[in-house]
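*Asks:* Before I ask anything, here is the structure I am working with.
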Amino acid sequence: MNKFLCTGLLIMVGIPMVFSQEKTIDSSYNNTYYQGRMEVFNSLPKTKDAIVFVGNSITERAQWNELLPGELIINRGIGGDNTFGLLARLEDILSQRPGKLFLMIGINDIGRGLPLEVIKQNYTRIVKQIQIQSPRTRVYIQSVLPLNDEILSAQYLKNKKITVLDLNRFLKTLANQNEIIYIDLYNKVFSDGNNNLKPELTIDGIHLKPISYVLWTDYLKEQGYL
Amino acid sequence: MNMKFIFTFLLASSALLAQETTPLDSSYANGYYVERLAFFELLPNRVNEIVFMGNSITEVGDWQEIILQPNVVNRGISGDNSYGVFHRLDEVLVSNPMKLFIMIGVNDIKRGTPISKILMNYERIAGKVKKEAPETLLYFQSVLPVTEPILATIYNQINNEKIRTLNEGIKAIAKKYNLVYIDLHNEVFLDSKGQLKRELTTDGLHLKPASYFLWIDYLQKHLYL
Numbered sequence: 542m543n544k545f546l547c548t549g550l551l552i553m554v555g556i557p558m559v560f561s562q563e564k565t566i567d568s569s570y571n572n573t574y575y576q577g578r579m580e581v582f583n584s585l586p587k588t589k590d591a592i593v594f595v596g597n598s599i600t601e602r603a604q605w606n607e608l609l610p611g612e613l614i615i616n617r618g619i620g621g622d623n624t625f626g627l628l629a630r631l632e633d634i635l636s637q638r639p640g641k642l643f644l645m646i647g648i649n650d651i652g653r654g655l656p657l658e659v660i661k662q663n664y665t666r667i668v669k670q671i672q673i674q675s676p677r678t679r680v681y682i683q684s685v686l687p688l689n690d691e692i693l694s695a696q697y698l699k700n701k702k703i704t705v706l707d708l709n710r711f712l713k714t715l716a717n718q719n720e721i722i723y724i725d726l727y728n729k730v731f732s733d734g735n736n737n738l739k740p741e742l743t744i745d746g747i748h749l750k751p752i753s754y755v756l757w758t759d760y761l762k763e764q765g766y767l
Numbered sequence: 007m008n009m010k011f012i013f014t015f016l017l018a019s020s021a022l023l024a025q026e027t028t029p030l031d032s033s034y035a036n037g038y039y040v041e042r043l044a045f046f047e048l049l050p051n052r053v054n055e056i057v058f059m060g061n062s063i064t065e066v067g068d069w070q071e072i073i074l075q076p077n078v079v080n081r082g083i084s085g086d087n088s089y090g091v092f093h094r095l096d097e098v099l100v101s102n103p104m105k106l107f108i109m110i111g112v113n114d115i116k117r118g119t120p121i122s123k124i125l126m127n128y129e130r131i132a133g134k135v136k137k138e139a140p141e142t143l144l145y146f147q148s149v150l151p152v153t154e155p156i157l158a159t160i161y162n163q164i165n166n167e168k169i170r171t172l173n174e175g176i177k178a179i180a181k182k183y184n185l186v187y188i189d190l191h192n193e194v195f196l197d198s199k200g201q202l203k204r205e206l207t208t209d210g211l212h213l214k215p216a217s218y219f220l221w222i223d224y225l226q227k228h229l230y231l
């Protein structure tokens, strides 16, 4: 019993220690582009029961509105955004009580070399906050997409295959534990079978060609998520 | 005499040809244009579309979310010019849109296309829309002013004098074809010195997000939307 308590204390103390050791954790997100987008979001008319797509540039560059006619769609993608940035604006998104929330975030966290543990922790916080603040919103966690190292020119994104797979494995578990839907776009739409983003679907090894968004939304419809 | 005549004729006509063709760059179908257009063709057509057609200034506008009406469609292509717009009208007109708002021309000026050629394209646009989609309400939106002192050198062919001349021509064509001309240039974007308001632009040509709210407010106030 004593031993148990002692271990518990160690673990509790251990958490902040791990963080203080990792001096390299870069939790910034609030750049001028982010601010500009937030300015727009804040000026836009408020909605209720909308279908919201949340994420980084991959989400931002899709014309969800036009891909899904007849639905009230809101694009909350911000180029360059990461899990910290998303956490900071989540309250704002949830205050409009979305009907559905499609989430895809994490590749920029991986790109800047954030420890996987930190990304996972942020994701856990994201899910928790949604469930507390807007329990009636149907949440869909979309897998992070594969990259294509051969096409990528950005060095910092290369050799991230294993990290992406690890994160997706975690996201699937997180979704299961919280009884929300995990959408395996990685395998079902975008991977060439060898964990590379299909070359015909990408511009630069990470961003998507317009046709990819057609395949993406087709898949969501096929699965009955839309 | 015959020979001399023919010779002179040949000389004159080749000179004319050279004058006509060398300086005029009417290309438009670059990689981005082709890709965007292919994407537009994949998108579903809707009933009663409200279409915003133009270049990057149109493309980066969050039209759908600001207007929050169904059937708003963004048909902006960065870098597009009046030739490009004319040649992709079919993709837009096939859905028989309810309204078509066009703003185009500043990239033509950027590459030195004579104003008369740009206006010729405007005539072709008006004629084609009238003929193929007579029920579509076509709106010509004035080309916006630029903030000359802060323009980058790649824009050195663009100035407000040319833009004013172009707008006069667009206005006349709108009148001729019985279309609405929307004077955003003077009514929303111009400062007292004849420049694009500094606070509304990022680089002297493109707009800050806040500008789109003013733009749409204006359209709504005048019941174009």
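So the sequences go chain by chain: A and B.
All residue numbers for the first sequence refer to my numbering, where the first residue is 542 and numbers rise by one.
All residue numbers for the second sequence refer to my numbering, where the first residue is 7 and numbers rise by one.
The beta-carbon is built from N, C-alpha and C at its ideal position, and this holds for glycine as well.
Being a predicted model, the structure only gives us computed values, none of them experimental.
1. Counting only beta-carbon atoms, is residue 615(A) nearer than 8 Å to chain B?
2. Output the residue ranges of the beta strand (DSSP E) runs that lie fully inside the segment 594 to 630 of chain A and measure 3 residues or longer, sorted by chain position.
3. Flag residue 49(B) as yes if its beta-carbon sits less than 8 Å from any beta-carbon of chain A, otherwise no.
4. Any heavy atom of the ligand NAP closer than 7 Å to the Cβ of residue 585(A)?
5. Thinking C-alpha only, which one of 42(B), 69(B), 119(B) is nearest residue 30(B)?
6. To which residues of the same chain is residue 638(A) closer than 8 Å at the C-beta, ignoring the five residues directly before and after it?
7. List, in order along the chain, the chain A residues whose C-beta lies closer than 8 Å to that of residue 170(B)?
8. With DSSP as the reference, label residue 758(A) as helix, strand or coil.
9. Is residue 104(B) near residue 56(B), with beta carbons less than 8 Å apart?
10. Assuming residue 91(B) and residue 156(B) make a contact with CB atoms under 8 Å, what is their CB distance in whole Å?
11. Using a C-beta cutoff of 8 Å, does residue 72(B) count as contacting chain A?
12. Which chain B residues sit within Cβ distance under 7 Å of residue 606(A)?
13. Would you mind reading off the limits of the alpha helix (DSSP H) that contains residue 147(B)?
14. Could you give the C-beta distance for residue 144(B) and residue 106(B), rounded to a whole number, given that I count them as a contact under 8 Å?
15. Would a check of beta-carbon distances place residue 97(B) closer than 8 Å to chain A?
16. Here's the rule I'm using: 16 or more other beta-carbon atoms within 10 Å means buried, otherwise exposed. How should residue 229(B) be labelled?
17. Quick check on residue 266(B): buried or exposed, where buried means 16 or more other Cβ atoms within 10 Å of its Cβ?
18. Could you tell me which of 216(B), 54(B), 205(B), 87(B) sits nearest to residue 152(B), measuring between CA atoms?
19. May I ask you to list the residues that DSSP assigns as paired with residue 105(B)?
20. Do the CB positions of residue 80(B) and residue 65(B) come within less than 8 Å of each other?
21. Assuming residue 179(B) contacts residue 141(B) (C-beta within less than 8 Å), just tell me the rounded distance between them.
22. With a threshold of 8 Å between beta-carbons, can residue 720(A) be considered close to chain B, or not?
23. List the endpoints of the continuous alpha helix (DSSP H) containing residue 270(B).
24. Which residues mark the beginning and the end of the alpha helix (DSSP H) in which residue 135(B) is found?
*Replies:* If we stick to the structure as given:
1. With 8 Å as the cut-off, residue 615(A) counts as an interface residue toward chain B.
2. 614 to 618
3. yes
4. As far as ligands go, the structure on display features none, and thus does not contain the ligand NAP.
5. Residue 30(B) has its Cα closest to that of 119(B), out of 42(B), 69(B), 119(B).
6. 589, 590, 675, 677, 678
7. Here the premise fails: no neighbours, minimum Cβ distance about 30 Å.
8. helix
9. yes
10. That belief does not hold up - the Cβ atoms of residue 91(B) and residue 156(B) are roughly 27 Å apart, past 8 Å.
11. yes
12. 70
13. Careful: residue 147(B) lies outside any alpha helix (DSSP H), inside the beta strand (DSSP E) at 143 to 147.
14. At roughly 5 Å, the Cβ-Cβ gap stays under 8 Å, so residue 144(B) and residue 106(B) are in contact.
15. no
16. exposed
17. Outside the modelled stretch of chain B, which goes from 7 to 231, sits residue 266(B), for which no answer is possible.
18. 205(B)
19. For residue 105(B), which the question treats as bridged, DSSP gives the partners 56(B), 143(B).
20. yes
21. So it is not a contact: roughly 20 Å between Cβ atoms.
22. no
23. Chain B is shown from 7 up to 231; residue 270(B) falls before or after that span and cannot be answered.
24. 121 to 138
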